[in-house]
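Residue numbers (my numbering): 2 to 354.
Each remark here refers to the structure printed beneath this line.
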Amino acid sequence: MNNPSTAKLKKVKGLRLLHLLAFLLCVTPHSDAQEASPILFIVGNMMVERAEFEKAYLSHVTSPAGGYITVDAFLDTFTIRKLKVAAALDARLDTTTSFRRALAKAMSPRVKPAATSSKPAALRPESESLHWLSHPQEAVRLAQIYIHVPQKSPASAMSRARQRIDSIAGALRSGADFSLLAERLSDDRQSAQRHGVMGWFGRNQLLQEVEAVAFRLSVGETSQPFSSVTGWHILRLLDRRSSDEVIAAEEAPSTTMPETAKAEVPRELFDSLLIAEQQKNAVWRRAATDPNALAVYFKKHKKKYRRKGFKPKKYTEVADLVTADLEEEMEKQWISDLRQRYPIHINQKVLRH
2 MNNPSTAKLK
12 KVKGLRLLHL
22 LAFLLCVTPH
32 SDAQEASPIL
42 FIVGNMMVER
52 AEFEKAYLSH
62 VTSPAGGYIT
72 VDAFLDTFTI
82 RKLKVAAALD
92 ARLDTTTSFR
102 RALAKAMSPR
112 VKPAATSSKP
122 AALRPESESL
132 HWLSHPQEAV
142 RLAQIYIHVP
152 QKSPASAMSR
162 ARQRIDSIAG
172 ALRSGADFSL
182 LAERLSDDRQ
192 SAQRHGVMGW
202 FGRNQLLQEV
212 EAVAFRLSVG
222 ETSQPFSSVT
232 GWHILRLLDR
242 RSSDEVIAAE
252 EAPSTTMPET
262 AKAEVPRELF
272 DSLLIAEQQK
282 NAVWRRAATD
292 PNALAVYFKK
302 HKKKYRRKGF
312 KPKKYTEVAD
322 LVTADLEEEM
332 EKQWISDLRQ
342 RYPIHINQKV
352 LRH
């Protein structure tokens, strides 16, 4: 690709993790009146401070689900995120009713218990009440993407499920929206209808394999795919509280977010909700749900879906994989268009400071 913004990104010399950490340790606040963080880059008319980038980078590299990544690579991912935000703001998606509701809900302490479900039953409370939190304990609020594998299934079924969950995990690593993938691909339809949200759980309320992962995650962290006796899972920890806090929040009256709180919305949360709103009707997502488009893509890339002893003749035989791949290709084209629409200007001196 030869557009100027991409060329500029390729020229950025990344700082290694230790260099960045050393820099941050050397910077100590002197007072509340200290200088504002310098502008690291501009996307269209949106300015992004170095402090915001540093916070996001350190959050990623210190997260078990993130791990080490060069500053160059993370900068590219971060600027793509900001490209999407710029487009969403231009489309005034932050003024829509659905976005405002999502923001108010995210900023409210009120929570709802998980609804009951017969499959898989071991993943849910026995009822919609919170009686299982009647004694003090730690509670976690979870979302999941789940691929069901019936017990006593042949090894081939487990293998196909593993391929599906790995494909979904790859899409998440590429920036796909968790809630949308859960809604479309998760076999737990009860939580899928709520964008993957399962609800609150205490100890001994989950399958042993699921509990082991759930209580080890940090808030906002997404797990790697893992298996249980019922299938394959990807978990995301949405919140962690004491049982007393959960009960108090459930008993509190429902409120909308106060106007005074809007200015205190964390930037990362605002961006995430805005991007989720944007992706509900994204062109690339609609294209990936078109049977004709899926059939054409499959015909063109048929060889990549062949496995030993398995040669699919129709895209419907590997629909999840084809859908994820077409979405990825369409999103890449969309991002390329966004780069043309919103030039990226990086302050090299600030980056190397």
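Positions of the beta carbon are idealized from the N, C-alpha and C atoms, including for glycine.
Given the structure is predicted, the values throughout are model-derived calculations rather than measurements.
Less than 8 Å between the C-beta atoms of E138 and S244, yes or no? The sequence position of residue 138 within the sequence shown is 137, counting from 1. The sequence position of residue 244 within the sequence shown is 243, counting from 1. With the sequence shown as reference, residue 138 is identified as Gln, and Glu is not the correct amino acid for it. Their beta carbons are under 8 Å apart, which means Q138 touches S244 by this criterion.
What's the gap between the Cα of H61 and the Cα of A74? To locate residue 61, count along the sequence shown from 1; it is residue 60. To locate residue 74, count along the sequence shown from 1; it is residue 73. For H61 and A74, the distance between alpha carbons rounds to 12 Å.
T7 (DSSP reduced to helix, strand or coil): Here the question's residue 7 lines up with position 6 in the sequence shown. With a pLDDT of 41 at T7, under the threshold of 50, the predicted position of this residue should be treated as unreliable, though the coordinate-derived value follows. In this structure, T7 counts as helix in the three-state DSSP scheme.
Helix, strand or coil at E222 [DSSP, three-state]: For the purposes of this step, residue 222 is taken as the residue at position 221 of the sequence shown. Residue state, collapsed to three classes: coil.
Rounded to a whole number of angstroms, what is the C-alpha to C-alpha distance between Q334 and G221? Translated into the one-based positions of the sequence shown, residue 334 becomes position 333. Translated into the one-based positions of the sequence shown, residue 221 becomes position 220. Roughly 28 Å between the two C-alpha positions.
Which residues bound the beta strand (DSSP E) around L143? What you label residue 143 is simply residue 142 of the sequence shown in a count that begins at 1. Here the beta strand (DSSP E) through L143 covers 139 to 149.
For the alpha helix (DSSP H) holding D188, just list the boundary residues, first then last. Position 187 of the sequence shown, counted from the first residue, corresponds to residue 188. Segment: none, D188 is in no alpha helix (DSSP H) and carries neither H nor E.
Check whether A325 and W233 have beta carbons under 8 Å apart: The sequence position of residue 325 within the sequence shown is 324, counting from 1. The sequence position of residue 233 within the sequence shown is 232, counting from 1. No, these two residues do not count as a Cβ contact at 8 Å.
Hey, A215 and L182: beta-carbon distance below 8 Å or not? By one-based count along the sequence shown, residue 215 stands at place 214. By one-based count along the sequence shown, residue 182 stands at place 181. No.
Does the distance from the CB of S38 to the CB of A57 come in under 8 Å? Counted from its first residue, the sequence shown places residue 38 at position 37. Counted from its first residue, the sequence shown places residue 57 at position 56. Using a Cβ distance threshold of 8 Å, S38 and A57 do not count as a contacting pair.
Which two residues bound the contiguous alpha helix (DSSP H) that contains V62? Within the sequence shown, the letter at position 61 stands for residue 62. From DSSP, the alpha helix (DSSP H) with V62 extends over 51 to 62.
Inter-residue Cα distance where the pair is S337 and A144: Reading the sequence shown from its first residue, position 336 is the one you call residue 337. Reading the sequence shown from its first residue, position 143 is the one you call residue 144. The alpha-carbon atoms of S337 and A144 are separated by roughly 31 Å.
Can you tell me the Cβ-Cβ gap for L84 and V44, rounded? I've got them flagged as a contact below 8 Å. In the sequence shown, counting from the first residue as 1, residue 84 sits at position 83. In the sequence shown, counting from the first residue as 1, residue 44 sits at position 43. The Cβ separation is near 6 Å, so the contact holds.
Are the region 84 to 101 and the region 269 to 284 in contact at 8 Å, needing three or more beta carbon pairs? yes
What's the gap between the Cα of V150 and the Cα of T231? Along the sequence shown, read from residue 1 onward, the residue named residue 150 stands at position 149. Along the sequence shown, read from residue 1 onward, the residue named residue 231 stands at position 230. Going by C-alpha positions, V150 is about 6 Å away from T231.
For the alpha helix (DSSP H) holding L327, just list the boundary residues, first then last. Here residue 327 corresponds to residue number 326 of the sequence shown, with the count starting at 1. Where L327 is concerned, the enclosing alpha helix (DSSP H) stretches over 320 to 342.
Of the choices A294, S229, S219, whose alpha-carbon is the least far from that of V323? Position 322 of the sequence shown, counting from 1, holds the residue named residue 323. Nearest C-alpha to V323: A294.
Between which two residues does the beta strand (DSSP E) carrying L41 extend? Position 40 of the sequence shown, counted from the start, is the residue given in the question as residue 41. Its beta strand (DSSP E) spans residues 40 to 44.
The alpha helix (DSSP H) spanning V211 covers which residue range? Numbered from its first residue, the sequence shown carries residue 211 at position 210. In the DSSP assignment, V211 falls within the unbroken alpha helix (DSSP H) covering 209 to 215.
Using a Cβ-Cβ cutoff of less than 7 Å, which residues in the same chain neighbour R268 once the five nearest sequence positions on both sides are dropped? Numbered from its first residue, the sequence shown carries residue 268 at position 267. Contacts found: E53.
Nearest to L173 by CA position, among H346, I345, V351, E332, is which residue? As a first step, residue 173 must be located in the sequence shown, where it is residue number 172. Comparing Cα-Cα distances from L173 to each of H346, I345, V351, E332, the minimum goes to E332.
Thinking C-beta only, is S180 closer than 8 Å to L208? Numbered from its first residue, the sequence shown carries residue 208 at position 207. Numbered from its first residue, the sequence shown carries residue 180 at position 179. Going by C-beta atoms, L208 is not nearer than 8 Å to S180.
CB contact flag (E278, F100, <8 Å): Position 277 of the sequence shown, counted from the start, is the residue given in the question as residue 278. Position 99 of the sequence shown, counted from the start, is the residue given in the question as residue 100. Their beta carbons are under 8 Å apart, which means E278 touches F100 by this criterion.
Buried or exposed: which applies to R310, given that a residue is buried once 16 or more other Cβ atoms fall within 10 Å of its Cβ? Along the sequence shown, read from residue 1 onward, the residue named residue 310 stands at position 309. The residue asked about is misnamed: residue 310 is Gly in this sequence, not Arg. Exposed, because fewer than 16 other Cβ atoms sit within 10 Å of the Cβ of G310.
Alpha carbon of A89 to alpha carbon of N46, nearest angstrom: The sequence position of residue 89 within the sequence shown is 88, counting from 1. The sequence position of residue 46 within the sequence shown is 45, counting from 1. Going by the C-alpha atoms only, they are around 13 Å apart.
Option in V86, E55, A87 with minimal Cα separation from L76: Position 75 of the sequence shown, counting from 1, holds the residue named residue 76. The candidate whose alpha carbon is nearest that of L76 is E55.
Could you round the C-beta distance between L352 and L41 to whole angstroms and report it? I think they count as a contact, below 8 Å. As a working mapping, residue 352 is identified with position 351 in the sequence shown. As a working mapping, residue 41 is identified with position 40 in the sequence shown. Contact flag correct, Cβ pair sits at about 6 Å.
Residue closest to S219, alpha-carbon to alpha-carbon, out of F227, G197, R242: Indexing the sequence shown from 1 puts residue 219 at position 218. Nearest C-alpha to S219: R242.
Exposed unless 16 or more other CB atoms sit within 10 angstroms - verdict on A213: Position 212 of the sequence shown, counted from the first residue, corresponds to residue 213. Looking at its Cβ environment, which holds fewer than 16 other Cβ atoms inside 10 Å, A213 is exposed.
According to DSSP, is V351 helix, strand or coil? Position 350 of the sequence shown, counted from the first residue, corresponds to residue 351. Looking at V351 - three-state DSSP - the assignment turns out to be helix.
Pairwise C-alpha distance: R307 and R165: Along the sequence shown, read from residue 1 onward, the residue named residue 165 stands at position 164. Along the sequence shown, read from residue 1 onward, the residue named residue 307 stands at position 306. Each residue's Cα considered, the two are about 14 Å apart.
Using a threshold of 8 Å, state whether the C-beta atoms of G197 and E184 are closer than that. In the sequence shown, counting from the first residue as 1, residue 197 sits at position 196. In the sequence shown, counting from the first residue as 1, residue 184 sits at position 183. Yes; because the gap between Cβ atoms is below 8 Å, this pair is in contact.
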